[in-house]
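*Asks:* Submitted below is the structure of interest, expressed as structure tokens.
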Amino acid sequence: MTDTPVDLTTRETGLVLRDVLGPLVAQGAIVRRPRATAWAERRQVDRTARRLLDRLRSRYHGAPLVVRLGARRLVLATRPEHVERILVGSPAPFTPAAWEKRGALGHFQPDGVLISPPEARRERRPENEAVLDTSEPVHHDGDALVAAVEREARDLVATVEASGRLDWDTFAASWWRVVRTVVLGRAARDDERLVAVLDALRRDGNWSWFRPRRPWLRAALERRIAEHVAVAEPGTLAARGRDRDGADAVRRQIPHWLFAFDAAGAATFRALAVASARPVVRERLLAEPVTTGRGPAVLPYARGCVLESVRLWPTTLAILRDATGPVRWGARTFPAGTGFVVLSAYFHRDPGRLSFADAFTPEAWLDGRADADWGLVPFSGGPVSCPGRNVVLLLASHTLVRVARLDLVVGRGRYLARDPLPPTMDHLGLRFGLRGETAPGEAVAPTPTPAPAVA
Ligand code: HEM
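So the sequence shown is numbered by my numbering: it starts at 181 and just counts up by one.
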């Protein structure tokens, strides 16, 4: 093992671009592109990426790998110790406001804490933590938040019972109603235009600095959010922030929250797919009581399932940092502005480290194994870790147990029914039918090439 980062050769850099960074950018870092995610699943791009990174890691004895892309230099972590150093050392000397992220998120949330300069971060991080109740498994307003889940899940279950089918568009429409209600209030529940505007800006975000800004569209988004914040009722995140820090402060953070809830929906939908393919998982989900009598229950197993979903298929494809000043690493010193990268999917499924690398193991999140491992960072780690983790797990777990009451058959279920699980899963392409009503084959839109099994 060596700790001094090594420069990759031109050929190796080309391979990293083709097999690792290219597919990641193609799928859309900020909002997924459906055709690209379908392609990524057919090609199982995460398996190819893993093989290449494994080869490079052993060729260079576990050293971090340095990739040069024009003037930009990126240092790729290859061991959990590297991940720990980068995340514990955030926001300085490793700032999350990395160059690519400022370019991407600047399209729709330039004042979000993630890309804020240090002085603004000092105020915005505690604001986020207070509103999202970061340390609490059940949010202060858990009753109201879970009541919104309950209402929408009931409607969704009725819709699926009537049609016999569930796909991403149907699930996402219901999920967004939950999200708009819990973030902005009842008046925002049906404001689909809000999400359409956000998505248009997120599509710009996929191009980072390479797509011109659309300030008029961002102003439209901000106006809509401000209108909802002004009237948001108690029990919403907006009201909590408005009453604590003022309407102006909270509305600046809301675009990030809305954007990030998309990932939470994807994670829930994938967990539902696994539960539908595995009766044992579904039975355990249904066995958890959803209320304690004093409020919403914590649902440890369902949370474990959601955490497994984001471990196996991370929604944050890469955690990026930029050096704020010179960084000494082994025998080298990197100048300010050097990029440091944690490729989540690579660490989350490393068979050299994890006995359960490709296996669905919610228990690992219950017995402390996952939390003790610096390579398992679906919600990041250290001082810049996701302050929304608990609120996500609350809403996602309560949605999961309620929708899992439907006896669903998932298309491609045979790839999900057993371990090892496929490295890449396109949640946008998942199709479900009701058991007994729809043959599994019919529940799936015919896919020309089924997801290949894991090697
Ligand atoms: C499955 C859902 C989610 C996942 C996997 C996730 C994961 C992450 C990760 C990995 C980061 C660090 C990003 C980086 O360092 O580049 C992060 C940051 C953040 N997340 Fe989440 N997140 C999720 C949902 C949410 C939601 C719903 C909210 C708000 C309601 C939220 C609020 C934030 C904020 C404010 C930050 C920035 C923290 C800071 O800069 O200090 N996240 N999240």
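Ideal placement from N, C-alpha and C gives every residue a C-beta, glycine not left out.
Note that the structure is predicted; figures quoted are calculated from it, not measured.
Within the chosen definition, does the region 387-399 reach the region 409-427 through at least 3 CB pairs nearer than 8 Å?
*Replies:* no
*Asks:* Can you look up residue 272 in the DSSP assignment and give me helix, strand or coil?
*Replies:* When secondary structure is reduced to three states using DSSP, residue 272 falls in the coil class, being assigned neither helix nor strand.
*Asks:* Quick check on the DSSP output: the alpha helix (DSSP H) that includes residue 304 runs from which residue to which?
*Replies:* 298-312
*Asks:* Taking the beta carbon of residue 292 as the centre, do at least 16 other beta carbons fall within 10 Å, making it buried, or is it exposed?
*Replies:* buried
*Asks:* Grouping DSSP H, G and I as helix and E and B as strand, with all else coil, what is residue 196?
*Replies:* helix
*Asks:* Look at the alpha carbon of residue 262 and the alpha carbon of residue 256, and state the distance between them as a whole number of angstroms.
*Replies:* Approximately 9 Å, taken between the alpha carbons.
*Asks:* For the beta strand (DSSP E) that contains residue 498, what are its first and last residues?
*Replies:* 498-503
*Asks:* Under the DSSP definition of a beta bridge, which residues are partnered with residue 611?
*Replies:* 347
*Asks:* Alpha carbon to alpha carbon, how far is residue 424 from residue 226? Give it in angstroms, no decimals.
*Replies:* 43 Å
*Asks:* Let me check you understand the geometry: is the CB of residue 405 closer than 6 Å to at least one non-hydrogen atom of the ligand HEM?
*Replies:* no
*Asks:* Going by CA-CA distance only, name the one from 313, 278, 311 that's closest to residue 296.
*Replies:* 278
*Asks:* Using a threshold of 6 Å, is the CB atom of residue 277 nearer than that to any non-hydrogen atom of the ligand HEM?
*Replies:* no
*Asks:* DSSP puts residue 519 in a beta bridge; with which residues?
*Replies:* 254, 502
*Asks:* Rounded to the nearest angstrom, how far is the Cβ of residue 281 from that of residue 500, given a contact under 8 Å?
*Replies:* Rounded to whole angstroms, the Cβ separation of residue 281 and residue 500 is 6 Å, and the two are in contact under 8 Å.
*Asks:* Say yes only if the C-beta of residue 305 is nearer than 6 Å to one or more non-hydrogen atoms of the ligand HEM, and no if none qualify.
*Replies:* yes
*Asks:* Compare the beta carbon distance of residue 288 and residue 204 with 7 Å and say whether it is the shorter of the two.
*Replies:* Not a contact, by the Cβ cut-off of 7 Å.
*Asks:* When you compare only the Cα positions, how much space is there between residue 194 and residue 529?
*Replies:* 24 Å
*Asks:* Opposite residue 476 in the DSSP bridges: which residues?
*Replies:* BP columns for residue 476 point to 471.
*Asks:* What did DSSP end up calling residue 326 once you bin it into helix, strand or coil?
*Replies:* helix
*Asks:* Among 569, 378, 420, 383, whose alpha-carbon lies nearest the alpha-carbon of residue 400?
*Replies:* Each of 569, 378, 420, 383 was checked against the Cα of residue 400, and the nearest Cα belongs to 378.
*Asks:* Would you list the residues whose beta-carbon is nearer than 6 Å to any heavy atom of the ligand HEM, in the order they occur in the chain?
*Replies:* 276, 293, 294, 305, 308, 312, 436, 437, 440, 441, 443, 444, 447, 490, 495, 496, 499, 500, 558, 559, 560, 564, 566, 567, 568, 571, 572
*Asks:* Since residue 584 and residue 465 are thought to touch, with beta carbons under 8 Å apart, how far apart are those beta carbons, to the nearest angstrom?
*Replies:* Going by Cβ atoms, the distance from residue 584 to residue 465 rounds to 5 Å, so yes, they are a contact pair.
*Asks:* Quick one: Cα of residue 481 to Cα of residue 345, how far?
*Replies:* Each residue's Cα considered, the two are about 26 Å apart.
*Asks:* Classify residue 502 as buried or exposed, calling it buried when 16 or more other Cβ atoms lie within 10 Å of its own Cβ.
*Replies:* Residue 502 is buried by the Cβ-count criterion.
*Asks:* What does the Cβ neighbour count give for residue 191, buried or exposed, with the cut at 16 atoms within 10 Å?
*Replies:* It is exposed - the Cβ of residue 191 has fewer than 16 other Cβ atoms within 10 Å.
*Asks:* Quick one: is residue 574 buried, meaning 16 or more other Cβ sit within 10 Å of its Cβ, or exposed?
*Replies:* Buried, because 16 or more other Cβ atoms sit within 10 Å of the Cβ of residue 574.
*Asks:* Run the CB neighbour count on residue 267, radius 10 Å, all protein chains shown included, and call it buried at 16 or more, exposed below.
*Replies:* buried
*Asks:* If residue 494 sits next to residue 567, beta carbons under 8 Å apart, how far is it from one beta carbon to the other, in whole angstroms?
*Replies:* With a Cβ gap of about 18 Å, residue 494 and residue 567 do not count as contacting.
*Asks:* What are the uninterrupted segments assigned as alpha helix (DSSP H) that are 4 or more residues long and contained completely in the region 207-259, given in chain order?
*Replies:* 214-223, 225-239
*Asks:* Over the uninterrupted beta strand (DSSP E) stretch that includes residue 590, give me the two end residues.
*Replies:* Secondary structure note for residue 590: its beta strand (DSSP E) is the uninterrupted segment 588-590.
*Asks:* Would you tell me roughly how many angstroms separate the C-alpha atoms of residue 342 and residue 361, rounded to the nearest one?
*Replies:* 24 Å
*Asks:* Kindly indicate which three-state DSSP category residue 439 falls into: helix, strand or coil?
*Replies:* helix
*Asks:* Taking the DSSP output, what are the residues bridged to residue 513?
*Replies:* 508
*Asks:* Taking just the CA atoms, how far does residue 368 sit from residue 461?
*Replies:* If I take the Cα positions, the gap works out to 34 Å.
*Asks:* Name the residue from 508, 253, 434, 456 whose alpha carbon lies nearest to the alpha carbon of residue 598.
*Replies:* Closest by alpha carbon: 456.
*Asks:* For the region 467-478 against the region 314-326, do three or more pairs of beta-carbon atoms, one drawn from each stretch, fall closer than 8 Å, so that the two count as touching?
*Replies:* Verdict: yes, contact present.
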